[in-house]
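Each protein sequence line maps, in turn, to chains A and B. For the first sequence, this note's numbering begins at 1 and goes up steadily by one. For the second sequence, this note's numbering begins at 1001 and goes up steadily by one. What follows is a set of notes on a single structure, which appears directly below.
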Amino acid sequence: MANIRWGIVIDLRRCVGCHTCSVACKSEFLVPLSVYRQWVKVIEKGQYPNVSRSFLPSMCNCCENPICVHNCPTQATFKREDGIVLQDPHRCIGCKYCIASCPYDVRYADPMKRIVQKCTWCHHRIDTGLEPACVNACPSFAMTFGDLNDPESRISKVLASNAVQVLKPEKDTRPHVYYIGADEVAMRAIGGANRKEKPVWWLWVMGNFVKKEHKG
Amino acid sequence: MESGLNIIYNVYHTPPLEFPIAVYFYLTGLSAGSFLLSTLAYGFGIEKFKPLGLLGVSLAVILLILAPINLIIDLEQPMRFWHLFPYLNMKSPITYGTFLLSLYPLNAIIYGYFMYKKNYRLTKIFGFIGIPLAISVHGYTGFILALSKARALWNTALMPFLFLVSAMVSGIAMMMIAVAIKQRYFSEDKHIHDNIIFDLGKILNMTIFLDLFLILSDILVLQTADTEAHHAAMLILTSDFSPMFLGVEIIIGSFIPLMLFNIPMFKKRIGFQIAAAILVMIGILAMRYVMVIGGQSIPLS
Ligand code: SF4
Ligand code: SF4
């Protein structure tokens, strides 16, 4: 175990947006309604006839520098030697500070267990030599799971021979889920904001200054 | 911006910290503020603030016993709160809080006890021990938000100072109201001696200016920082949270009280001073709400 560092590469050129990974995850863990360990964000952009759809399978990034572990007051969230970030269900007090800290919104308060839960990269499967359920279920082989420290592993070869991105690199969490061919807008949370801009009552007072800037 | 962008499907998990957390921040702030005011007389020996001593420390203790109750009911597993002691993680700001929330009320009780017994030497000693504790018990709540780096509205080094200054603002306002009530209803002559209220009003006036300066610096930088920060600034300036922020926190909670404190027509009248103090307290509660709830309403995924 000592020198293993697990990672996942998701090749979005292959992803067809079928949500099979999410379904596999839901059934692997019996994830309750209204919360998700893994999901596929889907966006559509452009105007007919120049349109496209992009997908972004989202899950715990098992960060190298996980802010959730740093901030958990009871060490209920911890990082294993092979890099997988886990959650001790008996120790977690449910303060939800880790949910507030994770920049990827992958954690949730489990409505049934009353603790915080998240994607674990199926560590129970990995430890018996299987792949995570989502990787295993993907019909188009878009996901590759493996040991980043082994230069001969398939994932190392894929990483070495492709341009890859991670989500929010500026947060210095150093994610270990890599994407090939991800759409910039799909990766950007604010681009994904469904927020409508309302007319603002106090603009009468302040003039149009702020509003104009916001359009940029 | 992105013409014709459509989110077909995405998951947004429920914001984790809810209103009880904002109330918790509000109560610790009031507690720290009233404790610090009580040390003006008994620590620093400013005689005219003597009436604030026992009142301040009693309020500080009561509020700090009420405050953590909000934290515990907000846990998913309230009965496991003791995990905070044996399994502590020294890097987590919540751990600072675990110690501070245990030590600060204890110290405040001892300090209050000696004040009551009129042992002024020991009162002074425990008062001085209490000052850094009171500052940290509220300052650390700023770190809780600031270290949660996912949220653009929180992730600024100004946060602890914003919280401390707003704690002073709300604490002073609460003491003005408390002193007035005590003198009006529970003293022998049932009469408000207005000197102390006007003195507190002057301090409050200055602290509101300081608070506004911090808020302004925060927003100016947020506006021009990265995408998320800009979005956070716009959220409180122009979108869902602007009525709470600009309307309640800034106009009702700061501008109107400043007018009442500074316009000659109002500033001589005790009634207006108390009204200003009440508005200030409402404004700071709105500030806690905007920070905690607003900070989490920006989508992350
Ligand atoms: S993605 Fe979030 S939950 Fe997963 S390790 Fe990183 S910070 Fe923690
Ligand atoms: S909710 Fe649980 S895992 Fe998350 S920070 Fe609190 S104790 Fe740690």
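The C-beta atom is built at its ideal place from N, Cα and C for all residues, glycine as well.
Under the three-state DSSP convention, the category residue i falls into
| i | result |
| --- | --- |
| P1132/B | helix |
| G129/A | coil |
| N50/A | strand |
| G181/A | coil |
| S156/A | helix |
| T77/A | strand |
| T144/A | strand |
| F1255/B | helix |
| A163/A | coil |
| F1261/B | helix |
| G244/A | With chain A covering only 1 through 216, there is no way to say anything about residue 244/A. |
| N149/A | coil |
| P1105/B | helix |
| K168/A | coil |
| S1297/B | coil |
| D1189/B | coil |
| S1092/B | coil |
| K45/A | strand |
| A193/A | Because A193/A sits at a pLDDT of 49, beneath the cut-off of 50, its placement in the model cannot be relied upon, and the following sentence gives the value as read from the coordinates. In this structure, A193/A counts as coil in the three-state DSSP scheme. |
| N3/A | coil |
| N1119/B | coil |
| L1200/B | helix |
| D11/A | strand |
Test item: CB-CB of residue i and residue j under 8 Å
| i | j | result |
| --- | --- | --- |
| L1063/B | S1102/B | no |
| G1029/B | W1154/B | no |
| M1176/B | L1200/B | yes |
| I126/A | T144/A | no |
| G1139/B | P1105/B | no |
| G17/A | V42/A | yes |
| V264/A | V106/A | With chain A covering 1 to 216 only, the question about residue 264/A has no answer from this structure. |
| I67/A | C102/A | yes |
| S1297/B | S58/A | no |
| V1169/B | T1207/B | yes |
| K118/A | R53/A | no |
| G146/A | G46/A | no |
| V1061/B | A1108/B | yes |
CA-to-CA distance, residue j to residue i, given in whole angstroms
| i | j | result |
| --- | --- | --- |
| K1124/B | D82/A | 54 Å |
| I1072/B | C63/A | 29 Å |
| F1245/B | I1282/B | 12 Å |
| I1293/B | Q1183/B | 37 Å |
| F1099/B | V164/A | 44 Å |
| I1196/B | Q1273/B | 11 Å |
| D1194/B | I1046/B | 17 Å |
| L1052/B | G1271/B | 19 Å |
| M1174/B | A1152/B | 31 Å |
| S1242/B | I1110/B | 43 Å |
| L1133/B | A189/A | 39 Å |
| K157/A | D110/A | 37 Å |
| I4/A | D88/A | 21 Å |
| V1023/B | V1290/B | 12 Å |
| Q1223/B | L130/A | 48 Å |
| N1010/B | L33/A | 15 Å |
| V185/A | I1172/B | 47 Å |
| T1227/B | G1253/B | 29 Å |
| E170/A | K1091/B | 21 Å |
| K96/A | Y1087/B | 16 Å |
| A1167/B | F1143/B | 14 Å |
| A1275/B | I1263/B | 14 Å |
| I1284/B | F29/A | 43 Å |
| P1016/B | C98/A | 9 Å |
| L1059/B | S1034/B | 7 Å |
| H124/A | F1081/B | 28 Å |
| E44/A | F1261/B | 55 Å |
Chain-ordered chain C contacts of residue i [CB-CB under 9 Å]
| i | result |
| --- | --- |
| I8/A | No chain C is part of this structure, whose protein chains are labelled A and B. |
Q.
So within the region 1031-1086 of chain B, which uninterrupted alpha helix (DSSP H) runs reach at least 4 residues, ignoring any that extend past its ends?
A. 1052-1074
Q. Quick one, which residues of the region 1074-1085 of chain B are near chain A if we go by CB-CB under 7 Å, in chain order?
A. L1075, E1076, Q1077, R1080, F1081, H1083 and L1084
(Q) Can you pull out the residues from the region 1128-1147 of chain B whose beta carbon lies closer than 9 Å to at least one beta carbon of chain A? (A) I1144, L1145 and L1147
Q) Which parts of the region 1124-1170 of chain B are runs of the alpha helix (DSSP H), unbroken and 4 residues or longer, counting only runs that do not cross its ends? A) none
Q) Just by C-beta distance, which residues in the region 43-77 of chain A are closer than 8 Å to chain B? A) I43, E44, K45, G46, Q47, V51, R53, S58, I67, H70, N71, C72, P73, T74, Q75 and A76
**Q.** Residues from the region 81-109 of chain A in contact with chain B, defined by Cβ distance under 8 Å
**A.** R91, C92, I93, G94, C95, K96, Y97, I99, A100, S101, C102, P103, Y104, D105, V106, R107, Y108 and A109
Q.
Which complete alpha helix (DSSP H) runs does the region 60-116 of chain A hold, if anything under 4 residues is left out?
A. 67-71 and 97-101
Q) In chain order, which continuous runs of the beta strand (DSSP E) of length 3 or greater are located wholly inside the region 1210-1295 of chain B? A) none
Q | Residues from the region 169-185 of chain A in contact with chain B, defined by Cβ distance under 9 Å | A | E170, K171, D172, T173 and V185
Q: Please list, following the chain, all residues that have a C-beta closer than 6 Å to any non-hydrogen atom of ligand 4.
A: This structure simply doesn't include ligand 4; it includes ligand 1 and ligand 2 instead.
Q) the region 1209-1223 of chain B: which residues have C-beta closer than 9 Å to a C-beta of chain A, in chain order? A) Q1223
Q: Give the residues from the region 141-160 of chain A that approach chain B closer than 9 Å (Cβ to any Cβ), ordered along the chain.
A: none
Q | Residues within the region 1089-1101 of chain B neighbouring chain A, beta-carbon criterion of under 9 Å | A | N1089, K1091, S1092, P1093, I1094, T1095, G1097 and T1098
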